[in-house]
Structure formats: structure tokens, C-alpha cells
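*Asks:* Numbering (my numbering), first residue to last: 4 to 79.
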Amino acid sequence: MTKSSLHLLKGTGYLISAVSVILLGIVSWDSALKSPLLTACLLGGAATSIIGMFCRWLSYEIEKRQEERRERHKAR
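Given below as C-alpha cells:
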């Protein structure tokens, strides 16, 4: 598996995870509306989960670009 396809697979995995968080949030929404605390927890949990996945994906993206820069500098 090439680095590019591995990177795409990681990004796809994080996207699928984010969609699953949204779907689970939709299923839970009616129950969470019964309590402001539950609503806040549902929204906060979903948001932090998606933000966490984005941060992990972004770290891979930054590492990939740093490696590409190193390889370009070595090729000179």
C-alpha cells in the first residue's frame, strides 16, 4: 500500500467515524431534549468527538507534508 493510499484510507476512516457520530446523535436527539443537561452532553460529546477526529486527521496531513518537503530537499 502506498503512502498516498494509506493517507486516503485514514481520512476515509475519520470521515466514516464522524458520520457515525452524527447518526448516533440523531437517534439520541429526542431523548436528549427532555433535559437541558442531556442536550448539552449530546451536543458537546458529538462536537468534541468530531473535533478530535479532525485533529488526528490534520496531524497526519501535516506529517505527510513534512515528509514530502524532506524528500524534495533530499532530491536536490
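The beta carbon of each residue, even a glycine, is placed where N, CA and C say it ideally should be. If you're wondering where the values come from, they're calculated on a predicted model, not measured in any experiment.
For residue 5 and residue 11, I'd like the C-alpha separation in whole angstroms.
*Replies:* 10 Å
*Asks:* Contact between the stretch 52–67 and the stretch 9–23 is defined here as three or more beta-carbon pairs at a separation below 8 Å; is this criterion met?
*Replies:* yes
*Asks:* So, residue 45 versus residue 31, is the Cβ gap smaller than 8 Å?
*Replies:* yes
*Asks:* With respect to the alpha helix (DSSP H) encompassing residue 23, which residues constitute its N-terminal and C-terminal limits?
*Replies:* Counting along the chain, the alpha helix (DSSP H) containing residue 23 begins and ends at 6–35.
*Asks:* Please list, in chain order, all residues of the same chain as residue 13 whose beta carbon is under 6 Å from its beta carbon, the five residues on each side excluded.
*Replies:* 63
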